[in-house]
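Numbering (the numbering used here), first residue to last: 65 to 544.
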Amino acid sequence: MFDVLTERLTGVFDRLTGRGALQASDVEAALREVRVALLEADVALPVAKDFIARVQAEAVGEAVIRSVTPGQQIVKIVHDALVEMLGGDGLPEGLLVHGEPPNVIMLAGLQGSGKTTTTAKIALRLQKEKKRALMASLDVRRPAAMEQLATLGKSIGVDVLPIVPGQMPADIARRAISAARLSGADVLLLDTAGRTTIDEEMMREAADIAKVAKPAEILLVADSLTGQDAVETAKRFHARLPLTGLVLTRADGDGRGGAALSMRAVTGLPIKFLGVSEKPDGLEVFDARRVAGRILGQGDVVALVEKAVEQVDRDEAEKLAKKLAKGSLDFADLEKQLQQVLAIGGLKGIMGMLPGVQKIKNQVSDAQLDDGQVNRQIAIIRSMTKAERAKPDLLNSSRRKRIAAGAGVEVSEVNRLIKMHRSMADMAKAMGKGKMPFGGGRMPSPEQLKQMGGGKLPGMPAGGMPGLPGLPGLPGNKKN
Ligand SMILES: Nc1nc2c(ncn2[C@@H]2O[C@H](COP(=O)(O)OP(=O)(O)OP(=O)(O)O)[C@@H](O)[C@H]2O)c(=O)[nH]1
Ligand SMILES: [Mg+2]
């Protein structure tokens, strides 16, 4: 749903991160582009304005522009603002179903927004959590609406309140509550008739149902594909019903998605779920961080940055950084780095999280991202004596043979690791003199990656990952 937005933002960020230094005017220009991208994606104007103001306040400061990786810092600032706009950093809010049973969940929304489907989806989810659910249709308007829910109930194995022809919605609600009590249901789901907000009578009916049933949750089900209208609808419903949350359906569609992004900011209501297919299991808990990551299309830079910080001991990292700068990196250090690669998800994990990787994915074969090779490299280092690890110059051919046998690999693989270590040490020296590989936090080109595959160019993109003083190179391609 966010494809267009993602594409636009990726363009803006590629230009930002592709450069080393940034001027305040570069940042301003980029933020103007972000603003246009948001508006084109249908984000409500006041929301887009607020968003840009928030980002601007943080991004234009000297601290960002002067930092080693200004582009990436700005991506992170935009990311955090996006998370904030979508509902904040905390864990996704669950459903309010922990009170005295039966906890009532009422679903309301425009015609065809996906209320009935979502009712069944939520029931199925609760059932998986070992909660007993009962569903009831209060839709007396549309012929066959009640049968629709009954059929869904059967297919997912959730109880549905028997149909009593001619009963009015508020009365059905009362009957449903006693049925839920009698049957010991934990949660009662009330599916209501679709309505238009201008239909005063139906809005009153919904308000009456809410009065009778006193729901713990009143969820507004909104179609993400309806653009700006969805925002307006949410405001109108919220004025008449004490809504507690939003469900955005058809997130699997290719709408512009911006309206969905504005919903939280405009209504202040948490987005609880995304509907992602027509099927009963097509419901995702809405997680602001995940969605923000997806929208930015920056792989998951933020996850990588955080994982790195989590896994890498700061003191160790600083020690290593000093050694790197002096060019005195030995094999014991290299082993630590290889361990870090595995700790943060292996080579494939890292590649998956790096921005811009989509573009070069095809050029790197799975063989080159094989963690088995990292493991073998660690085994080789472990087969060295302490003295050899500290003084790589000791490694003559007989020692290499012994090490290969100890690690269960070919001598050629030992040679390749030694070569890789040497070029890392060389590059470390260059970095120490202020020369960054690949010109600052940019992804290496496919050519550079291929070279890495050959074990010639060590160093994952230095990318400014805090706490990670340059990762070891991609392991050599087995064929060469
Ligand atoms: N692709 C996709 N389709 C959905 C989603 N949610 C609902 N639908 C489809 O949208 C159509 C309408 O869904 P319903 O659940 O009947 O909508 P409703 O709000 O109950 O409709 P009324 O009761 O007539 O107001 C159905 O064909 C659903 O399969 C979703 O998240 N993704
Ligand atoms: Mg319905």
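We put the beta carbon where it would ideally sit given N, CA and C, even for glycine.
Whose CA, out of the options, lies closest to the CA of residue i?
i	options	result
L39	V295, G319, G317, R118	Examination of residue 39 is not possible in this model, given that the chain is present from 65 through 544 alone.
V475	P344, R440, R453	R440
Q199	R99, K192, L188	Before going on, a small fix: residue 199 reads as Met here, not Gln. For M199, the nearest C-alpha among the options comes from L188.
V228	I220, E164, P134, E211	E211
G150	I282, S326, L246	For clarity, residue 150 is Leu in the given sequence; the question names Gly instead. Measuring from the Cα of L150, the nearest candidate turns out to be S326.
Q437	L402, M491, D397	L402
I445	R239, R354, I467, L252	I467
D434	L312, V405, A451, R453	V405
I137	P156, D78, E97	In the sequence on display, residue 137 carries Gln and not Ile. When each option's Cα is compared against that of Q137, the closest is D78.
V330	D293, I282, S392, P279	D293
R86	E126, G230, G178	Residue identity differs from the one stated: residue 86 is Leu in this sequence, not Arg. Checked all of E126, G230, G178; the closest Cα to L86 is E126.
F115	L146, L312, A94	L146
V142	G176, V107, A184, L95	L95
S219	T181, I241, V100	T181
M448	M491, D394, R238	D394
L333	A277, E148, R464, V478	E148
E157	L458, L481, E348, D316	E348
I442	I482, L216, S341	I482
L69	A471, V355, A208, V119	V355
G357	R328, D144, A489, G472	D144
A454	L398, G152, S461	L398
P306	R245, A271, K185	A271
D106	D255, G322, G154, T297	G322
A249	K278, A298, L190	L190
D316	G346, V276, A108, R83	G346
M491	K400, A407, K387	K387
I169	K278, H302, K383	K278
R238	P166, K465, G291	P166
I359	A101, H302, D263, T81	A101
In the DSSP assignment, find the beta strand (DSSP E) that holds residue i and state where it starts and stops.
i	result
E193	Counting along the chain, E193 falls outside any beta strand (DSSP E), and DSSP gives it neither H nor E.
V438	Here V438 belongs to no beta strand (DSSP E); instead the alpha helix (DSSP H) covers 435 to 446.
G173	167 to 173
I'd like the span of the alpha helix (DSSP H) that includes residue i, first residue to last.
i	result
K336	First-last for K336: 335 to 339, but that is the beta strand (DSSP E), not the alpha helix (DSSP H).
L459	L459 -> no alpha helix (DSSP H), and no H or E assigned at all.
L347	Where L347 is concerned, there is no enclosing alpha helix (DSSP H), although the beta strand (DSSP E) it sits in stretches over 347 to 349.
G82	No alpha helix (DSSP H) holds G82; DSSP gives it neither H nor E.
E31	Outside the shown range of the chain (65 to 544) lies residue 31, about which nothing can therefore be said.
T449	From DSSP, T449 is part of no alpha helix (DSSP H); its letter is neither H nor E.
S392	Looking at the DSSP string, S392 is not in any alpha helix (DSSP H), and its letter there is neither H nor E.
S177	S177 -> no alpha helix (DSSP H), and no H or E assigned at all.
L216	209 to 220
V330	322 to 331
V355	352 to 360
With burial defined as no fewer than 16 other Cβ atoms inside 10 Å of the residue's Cβ, what is the status of residue i: buried or exposed?
i	result
H485	buried
H162	exposed
K140	buried
L283	buried
G201	Per the sequence presented here, residue 201 reads as Ser, with Gly not at that position. Buried.
L174	buried
A7	This structure leaves residue 7 out entirely; the chain is present only between 65 and 544.
R353	buried
R268	exposed
T215	exposed
E164	exposed
G546	Residue 546 is absent from the structure shown; the chain starts at 65 and stops at 544.
E511	For E511, the pLDDT reaches just 42, beneath the cut-off of 50, and the residue's location in the model is therefore unreliable, leaving the point undetermined.
N460	exposed
P226	exposed
K336	buried
T313	buried
How about residue i: is its Cβ closer than 8 Å to a heavy atom in ligand 3?
i	result
G339	With respect to small molecules bound, the structure shown includes ligand 1 and ligand 2 and not ligand 3.
Check each residue's C-beta against every heavy atom of ligand 2 and list, in chain order, those closer than 5 Å.
The answer, residue by residue, is K179, T180.
Margin query: Extract the residue ranges of the alpha helix (DSSP H) inside the region 239 to 319, only unbroken runs of 4 or more that lie entirely within it.
Written below: The DSSP assignment places 264 to 277, 292 to 304 as complete runs of the alpha helix (DSSP H) inside the region 239 to 319, in order along the chain (cut-off: 4 residues).
Q) Taking only runs of the alpha helix (DSSP H) that begin and end inside the region 87 to 159, which ones reach a length of at least 4 residues, in chain order? A) DSSP runs (the alpha helix (DSSP H)) wholly in the region 87 to 159: 88 to 104, 109 to 123, 126 to 130, 134 to 150.
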